[in-house]
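The structure appears right after this line, and notes come after that.
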Amino acid sequence: MAKRGRLEILEDTLRIIKENKNFIKPTVLLRKSKMSSSRFKEFYAELLEKRFVNEAHRGDERFIELTPKGFKFLERYKTIVDFIEEFDL
Amino acid sequence: MALYAFPVLNLGIGAEILYSFAIILCSLMVYFGTREIYNLSSYKGLKYFRLSFLFFAIAYFFRLAIEFITATFNVHEVLELYPIAIGYASLFIFMYFSSMSIFYLIYSVLWKNLKGNSKMIYAFHAIAIAMALAAIIFNNVLFYLGLNLLLFLSAGIFIYLSSHNPKFKSKKNRFDKVYILFLAFMVLNIISILVPTFLETIKLLLYLSSLSVFFIVLYKVLKKSGD
Numbered sequence: 127m128a129k130r131g132r133l134e135i136l137e138d139t140l141r142i143i144k145e146n147k148n149f150i151k152p153t154v155l156l157r158k159s160k161m162s163s164s165r166f167k168e169f170y171a172e173l174l175e176k177r178f179v180n181e182a183h184r185g186d187e188r189f190i191e192l193t194p195k196g197f198k199f200l201e202r203y204k205t206i207v208d209f210i211e212e213f214d215l
Numbered sequence: 004m005a006l007y008a009f010p011v012l013n014l015g016i017g018a019e020i021l022y023s024f025a026i027i028l029c030s031l032m033v034y035f036g037t038r039e040i041y042n043l044s045s046y047k048g049l050k051y052f053r054l055s056f057l058f059f060a061i062a063y064f065f066r067l068a069i070e071f072i073t074a075t076f077n078v079h080e081v082l083e084l085y086p087i088a089i090g091y092a093s094l095f096i097f098m099y100f101s102s103m104s105i106f107y108l109i110y111s112v113l114w115k116n117l118k119g120n121s122k123m124i125y126a127f128h129a130i131a132i133a134m135a136l137a138a139i140i141f142n143n144v145l146f147y148l149g150l151n152l153l154l155f156l157s158a159g160i161f162i163y164l165s166s167h168n169p170k171f172k173s174k175k176n177r178f179d180k181v182y183i184l185f186l187a188f189m190v191l192n193i194i195s196i197l198v199p200t201f202l203e204t205i206k207l208l209l210y211l212s213s214l215s216v217f218f219i220v221l222y223k224v225l226k227k228s229g230d
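If you're matching them up, the sequences are chains S and G in order. Heads up: take any position in the first sequence, counting from 1, add 126, and you land on this note's numbering. Heads up: take any position in the second sequence, counting from 1, add 3, and you land on this note's numbering.
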């Protein structure tokens, strides 16, 4: 179930950001997400492209924060998973 | 009860329009009711599930068009006035979209077993086009019935096998019985438009049953999608 795995990874990653007061360094997120560096790079690009997260800059440092879409995904995650299971999708 | 015990019902264009309108409305409610969870998840199974209902709504729109044309005009007169254009085009579009709605429903359950091989959907498009062309070329009742029986049996087997694959077995209640019932009514509805006399005696029963199945699916969808 590769795609279901992708949804779970997405939820885990967004939750890490949220639980870190919605402000996390990419290196910290990489460590906490337990993904390989190359996998994280690919996944992070997807998060930015689909507007689940934004990059914010404070001085020279780069941070990641959730967008309203990212918060919405976390809010609706259980509904999405329940729907997929209910209809065997 | 034997079929001949039912009185022959002529439902009339008003009832047909109302029925088609209810099916189109239900299908579009499923499509738009799942838009948010699809936009958030980009989940392929959800995409195909939604497309199935969108295609069903389009097919029913053309079903309505076919019935309106055949009820309002004499079909032969229409075909003489606009050779092929109206009657055959509507029939082709109806057959293509209704077959694809069934194929999308199968694919929404099947895709995860295909290990990333998304090319099968193109094969389904090709089969749907071939079926639509065959419906026009072979103007034969037995051919229509055989084609739809084959479509239903293959769809039922696909969904049954896919949802009973232990690798993908979900923890919750199975929905495959409703799927198979739903497919049966989709196919019977296709038959009722292609071979109107075949189901004339049980048309009202078919319509009420179809609507009941649609309402069950719609209720489940709206309840589960949280809309």
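Note that CB positions come from ideal geometry on N, CA and C, so glycine has one too.
Item to check | Within 8 Å, strictly: CB atoms of Phe149 (chain S) and Ser159 (chain S) | outcome: The count along the first sequence starts at 1 and reaches residue 149 (chain S) at position 23. The count along the first sequence starts at 1 and reaches residue 159 (chain S) at position 33. No, Cβ-Cβ distance for Phe149 (chain S) and Ser159 (chain S) is not below 8 Å.
Next on the checklist: If the cut-off is 9 Å on Cβ atoms, which residues from the stretch 181-198 of chain S count as contacting chain G, listed in chain order?
Outcome noted: Of all residues in the stretch 181-198 of chain S, only Lys195, Lys198 come within less than 9 Å of chain G when Cβ atoms are compared, listed by chain position.
Checklist entry - Residues bridged to Asn180 (chain S) by DSSP? => result Position 54 of the first sequence holds residue 180 (chain S). Note: Asn180 (chain S) sits in a beta bridge opposite S:Glu191.
Checklist entry - Rounded to the nearest angstrom, how far is the Cβ of Leu67 (chain G) from that of Ser23 (chain G), given a contact under 8 Å? => result The residue labelled residue 67 (chain G) in the question sits at position 64 within the second sequence. The residue labelled residue 23 (chain G) in the question sits at position 20 within the second sequence. Contact annotation, Leu67 (chain G) with Ser23 (chain G): C-beta distance approximately 4 Å; criterion of less than 8 Å satisfied.
Next on the checklist: Does the CB of Thr153 (chain S) have a neighbour CB from chain G at under 8 Å?
Outcome noted: Along the first sequence, read from residue 1 onward, the residue named residue 153 (chain S) stands at position 27. So, not an interface residue.
Checklist entry - Is the distance from the Cβ of Thr37 (chain G) to the Cβ of Leu49 (chain G) below 8 Å? => result Residue numbering aside, residue 37 (chain G) sits at position 34 when the second sequence is read from its first letter. Residue numbering aside, residue 49 (chain G) sits at position 46 when the second sequence is read from its first letter. Closer than 8 Å, so yes.
Checklist entry - Any beta-carbon of chain S closer than 8 Å to the one on Leu49 (chain G)? => result Residue numbering aside, residue 49 (chain G) sits at position 46 when the second sequence is read from its first letter. Leu49 (chain G) counts as touching chain S.
Next on the checklist: Quick check: the Cα distance between Val179 (chain S) and Ser101 (chain G), rounded to an integer number of angstroms?
Outcome noted: As a working mapping, residue 179 (chain S) is identified with position 53 in the first sequence. As a working mapping, residue 101 (chain G) is identified with position 98 in the second sequence. Val179 (chain S) and Ser101 (chain G) have their C-alpha atoms roughly 40 Å apart.
Item to check | Within chain G, the residues that Arg202 (chain S) reaches when beta carbons sit closer than 8 Å | outcome: The sequence position of residue 202 (chain S) within the first sequence is 76, counting from 1. Per Cβ cutoff of 8 Å: Glu39, Ile40, Leu43, Gly229.
Checklist entry - Within the 8 Å Cβ cut-off, does Thr139 (chain S) reach chain G? => result Within the first sequence, numbered from 1, the residue matching residue 139 (chain S) stands at position 13. Residue-level contact by beta carbon fails for Thr139 (chain S) and chain G, as no gap is shorter than 8 Å.
Checklist entry - Can you tell which of G:Tyr51, G:Phe95, G:Ser45 has its C-alpha closest to the C-alpha of Ile69 (chain G)? => result Reading the second sequence from its first residue, position 66 is the one you call residue 69 (chain G). Proximity to Ile69 (chain G) across G:Tyr51, G:Phe95, G:Ser45 peaks at G:Phe95, based on C-alpha coordinates.
Checklist entry - Ordered along the chain, which non-local residues of its own chain (more than five positions away) have a Cβ less than 7 Å from that of Arg236 (chain S)? => result Because chain S in this structure spans residues 127 to 215, residue 236 (chain S) falls outside the shown range and cannot be described.
Next on the checklist: Checking 8 Å against the spacing of the C-beta atoms, do Phe223 (chain G) and Glu212 (chain S) come in under that value?
Outcome noted: Within the second sequence, numbered from 1, the residue matching residue 223 (chain G) stands at position 220. Within the first sequence, numbered from 1, the residue matching residue 212 (chain S) stands at position 86. As written in the sequence, residue 223 (chain G) is Lys, which differs from the Phe given in the question. Yes, the Cβ-Cβ distance between Lys223 (chain G) and Glu212 (chain S) is below 8 Å.
Next on the checklist: Suppose contacts are defined by Cβ-Cβ distances below 8 Å. Is Met98 (chain G) in contact with Ala133 (chain G) by that definition?
Outcome noted: As a working mapping, residue 98 (chain G) is identified with position 95 in the second sequence. As a working mapping, residue 133 (chain G) is identified with position 130 in the second sequence. Taking 8 Å as the Cβ cut-off, Met98 (chain G) and Ala133 (chain G) do not qualify as a contacting pair.
Checklist entry - So which residues of chain S does Phe52 (chain G) contact, with C-beta pairs closer than 8 Å? => result Position 49 of the second sequence, counting from 1, holds the residue named residue 52 (chain G). Within chain S, the C-beta atoms nearer than 8 Å to that of Phe52 (chain G) come from Phe213, Leu215, in chain order.
Item to check | 6 Å Cβ shell around Leu108 (chain G) - same chain, five flanking residues per side excluded | outcome: Numbered from 1 along the second sequence, position 105 holds the residue referred to as residue 108 (chain G). Taken in chain order, the residues that qualify are Ser55.
Item to check | Sequence-distant residues of its chain with Cβ nearer than 8 Å to Phe71 (chain G) (five each side left out) | outcome: By one-based count along the second sequence, residue 71 (chain G) stands at place 68. Excluding sequence neighbours, Phe71 (chain G) sits near Ile16, Ile20.
Item to check | Partner residues on chain S for Lys223 (chain G), Cβ-Cβ distance less than 9 Å | outcome: Taking the first residue of the second sequence as position 1, residue 223 (chain G) is located at position 220. In chain order: Glu212, Phe213.
Checklist entry - Taking 8 Å as the CB-CB cut-off, is Phe209 (chain S) touching chain G? => result Mapped onto the first sequence, residue 209 (chain S) falls at position 83. It does: the Cβ of Phe209 (chain S) has a partner Cβ on chain G nearer than 8 Å.
Checklist entry - For Thr139 (chain S), which option in S:Ile206, S:Arg188, S:Phe197 has the closest C-alpha, if you only look at C-alpha atoms? => result For the purposes of this step, residue 139 (chain S) is taken as the residue at position 13 of the first sequence. Proximity to Thr139 (chain S) across S:Ile206, S:Arg188, S:Phe197 peaks at S:Phe197, based on C-alpha coordinates.
Checklist entry - Residues in its own chain within less than 6 Å of Ala182 (chain S) by CB, not counting five upstream and five downstream? => result As a position in the first sequence, residue 182 (chain S) is number 56, starting the count at 1. So the qualifying residues of the chain are Phe189, Glu191.
Checklist entry - What are the partner residues of Ile150 (chain S), as DSSP defines its beta bridges? => result One-based indexing of the first sequence puts residue 150 (chain S) at position 24. Bridge partners of Ile150 (chain S): S:Ile190.
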